[in-house]
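So the structure is just underneath, and the comments pick up after that.
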Amino acid sequence: MRDDFSSEWGYRAKWAYLLTIVGALLAPVFYVIYISFNELGFGARVYKFTFDWYRVVLGDTMLVGSLKWTVYLALAVVATTVPMGLFSAKLYKRTRHKVLMVTLMLAPLFVPADIMGSALLVYFKHLNRTFETIGEAIGADWMTAWFELGFLTALIGQIIYTLPYAFVVILITMSRYRPQQTEAARACGATAWQAFCQVEFPQIRAGVFSAAAFVVILSFNEAPRTALLKGGFDTFSNVLVSQMLNVGMSGESYAMAGIMSIVAMTAVGAILIYTMIRTERLDRRARAAAEPVMST
Amino acid sequence: MNAPSTSPTIAVEAVDLSKNYGSVAALRSVSFSIESGKYFVLLGPSGGGKTTLLRLIGGFIRPSGGRVLLHGHDVSDLPANLRPTSMVFQSYALFPHMSVVGNVAYGLKLRKLPKDEIASKVEGMLDLVGLAGYGMRMPHELSGGQQQRVQLARSLVLERDILLLDEPLASLDAKLRKDMCLELKHIQEKVGITFIHVTHNQEEAMAIADRIAIIANGRLVEEGSARDVYERPVKRFTAEFVGENNLIDGRVVADAGGRLKVDTGFAAIAVDKRGSAAAVGETVSISVRSERIHLLDPGAAAKDDIQVIPADYVEAVYLGLTTSHLVRLANGSEIIVRRLSNTESDAKFVSGQTVSISWRTENAQLHID
């Protein structure tokens, strides 16, 4: 935002600074994408454009399997985390203990990923042993292996990781919502569920969908928790990291990184553009509503 | 819509209604009843419990004690959507993602009425509130007054027996508020249902109310017709809150049938008892409206029905139609005398001059609490 008395050059310098920072941050990503389309790979003097590396990646059974596994995990995380985030945000709006609730909800963000992952690993192992012991004591075989490392444990780890983000994203959108509208709907005869579906949800939909997209991206980007809670060759990012650590960067690795980056940037870009357009539209409405009401 | 009833029936009854938020009592044992088809106003200072009372009637909050009866049925445990009430909120209550038609038709769609019927009812209601032709507009394209009309239409179209209005005019400018006030009254007369209107604005309350209940500190202070509440307030609080009243404290020194003599320390004032339980020796207050007091030359004599007391003139404040004259009594308390502005009489007295103030005995009101 410019004011009438600011220097033209100062304004340009601010933009130059901003673009430099963004450029510096994104340059390695674009470079990786650039390399991923070179038939001769990294370090070659000659650049020959090709989609071959992508074909190799998409033809690799293990890679495609890990991609599928990640998609299933992401969908399961969305299906559980987004409703939980929505419920938490609604609870937050009602509770009088807002600071306590925010602290509790955001607490998982302050624990490093590998520490959280290993803590959960130990916890699940003990939990598993406890249930097995109880099962043996009461003769209930079905109580064994509930928390064997697998899809469920990875899912729980991902939920703990993504819930704070989903909560915050939904809460931001929800902060614009006026609870009087729910009361107005109830006064018109709507049940609590009808009021939520027909009046509240349409107004917070953008936040809920943003949270869903964000959770998908986080699921694709996450490596340490799933590696500890499921295994190093199950999710796409774990396969990529394992491959880089074991055999170094190949054209295939660049293509995998390219896929991840393109998908993530497209999703984030789409969310940002949609959010900006929506924010602008809401601001315009708010400005119109805030104009002094004069006699007609 | 229900036709206005010929014999009065009770639409709303509050029985010992209380609401606590933790240790804070928002409403304390309030009881009253409202006749069907009346325009009832809950008037009082902010934070006094008016909106809490309205929300209890509407089913938006559950009472901590007592009961709400609508048309004789106990609805205390029913949520808002199951009560025969609808509500107009102060602001922000239109659904921003729906057009005017969408907003007004919302409740009818919930009832699954045929589309044609919904369209015709919505059209008729928009016509009633003066918004014909605005159906396709979105709420943000309307002025504040128009938005409140849409809220009104959305509530009235449901054809419920009781309409609750929570400070519906508070966000409008003075001129629009006055216009909407009259319009609300006319609409209420036309549809004949019970309106319960919350406001802290006395002028608004006086303009529209059949009956007014004064609510303060979580209690029902007093209830009566607009004229009674203004002219004959029973409680000292009502006298202080409604209009511009002058209060003089004193002790009853004599009781001569229907009239008491009150010693204020600087004058003895006669005041009609009007059924008050005040007895000799009791501390009381006397209120006299500023427009009922006359400013006289010093030494004017009291008569049987005219009370006269000496005062020092302080200043005049010109307010356009009226001028406020401030005088000080011998005990230091100040009295406001409001008269129609007149260049000659406004300049008659000067600051520091001794004057007399007088009022007809019947215009004073006695308060014991």
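If you read the protein sequences in the order shown, they are chains H and L. When we follow our numbering, the leftmost residue of the first sequence carries the number 866, and every step to the right adds one. When we follow our numbering, the leftmost residue of the second sequence carries the number 320, and every step to the right adds one. Backbone N, C-alpha and C define an ideal beta-carbon position, used for all residues, glycine too.
Closest in C-alpha terms to H/A1120, from the list H/A881, H/I898 and H/K1095, comes H/I898. Following the DSSP letters along the chain, one finds H/A889 inside the alpha helix (DSSP H) bounded by residues E873 to S901. Comparing alpha-carbon positions, the option among L/T641, L/M525 and L/Q521 lying closest to L/S365 turns out to be L/Q521.
Interface flag for L/Y425 against chain H is set, since a Cβ pair is found closer than 7 Å.
Between L/K338 and L/S405, the C-beta spacing is not below 7 Å. Within the segment 367 to 400 of chain L, those residues whose Cβ lies closer than 7 Å to any Cβ of chain H are, in chain order, G377, F379, P398, A399 and N400. Restricted to the segment 993 to 1077 of chain H, the alpha helix (DSSP H) segments that are unbroken, complete and at least 4 residues in length are 1016 to 1039, 1044 to 1052 and 1057 to 1060, listed in chain order.
Annotated as distal: H/Q1068 and L/A412, with beta-carbon spacing of 7 Å or more. For the segment 408 to 432 of chain L, the beta-carbon criterion of a distance under 7 Å to any beta-carbon of chain H is satisfied by F408, Y411, A412, F414, P415, H416, Y425, G426, L429 and R430.
DSSP places L/A345 within a strand segment (E or B) once states are collapsed to three.
Assignment of L/V607 by DSSP, reduced to helix, strand and coil, places it in the strand class. Residue pairing by DSSP places L/N564 opposite L/R608 in a beta bridge.
For H/E1048, the nearest beta carbon of chain L is closer than 7 Å to its own beta carbon. Take L/D582, set aside five residues on each side of it, and the residues of its chain with a beta-carbon closer than 6 Å to its own are G569, R570 and V572, in chain order. Excluding its 5 nearest sequence neighbours in each direction, L/I625 has C-beta neighbours in its own chain below 8 Å: S677, W678, R679 and T680, listed in chain order. In the three-state reduction of the DSSP assignment, L/E354 falls in the strand class, which pools E and B.
When secondary structure is reduced to three states using DSSP, L/T602 falls in the strand class.
Classified as buried, L/R479 has 16 or more neighbouring CB atoms from the shown chains inside 10 Å of its CB. The Cβ atoms of L/L336 and L/V517 do not sit closer than 7 Å to each other. The C-beta of H/D1099 has 16 or more other C-beta atoms within 10 Å across all chains shown, which makes the residue buried. L/A451 and L/K504 have their C-alpha atoms some 20 Å from each other. Burial state of L/K431 is exposed, judged by a 10 Å Cβ sphere holding fewer than 16 other Cβ atoms. At a cut-off of 7 Å, the C-beta of H/C1053 has a neighbouring C-beta in chain L. Taken through DSSP and simplified to helix, strand or coil, H/G1116 comes out as helix. Taking every protein chain shown into account, the CB of H/W1058 has fewer than 16 other CB atoms within 10 angstroms, so this residue is exposed. Annotation: Cβ neighbours of L/L477 in chain H (cutoff 9 Å, chain order): A1052, C1053 and G1054. In the three-state reduction of the DSSP assignment, L/L640 falls in the coil class, being assigned neither a helical nor a strand state. Pairing H/T1091 with H/A1019 gives a Cβ-Cβ distance under 7 Å. Here the segment 956 to 973 of chain H makes no contact with the segment 1139 to 1148 of chain H; the two share fewer than three CB pairs at distances below 8 Å.
Counting along the chain, the unbroken alpha helix (DSSP H) around L/E522 starts and ends at Q521 to I527. Using a C-beta cut-off of 8 Å, the segment 542 to 560 of chain L makes no contact with the segment 375 to 395 of chain L, since fewer than three inter-stretch Cβ pairs fall below that distance. In the structure shown, the three-state DSSP call for H/P948 is helix. With respect to the 7 Å criterion, H/V1080 and H/T946 are classified as neighbours on the basis of their beta carbons. At a C-beta separation below 8 Å, L/S405 has these neighbours in chain H: A1052 and C1053.
Proximity of the segment 492 to 499 of chain L to the segment 407 to 422 of chain L falls short of the contact definition, fewer than three beta-carbon pairs being nearer than 8 Å. In this structure, the beta-carbon distance from L/D485 to L/T370 falls below 7 Å.
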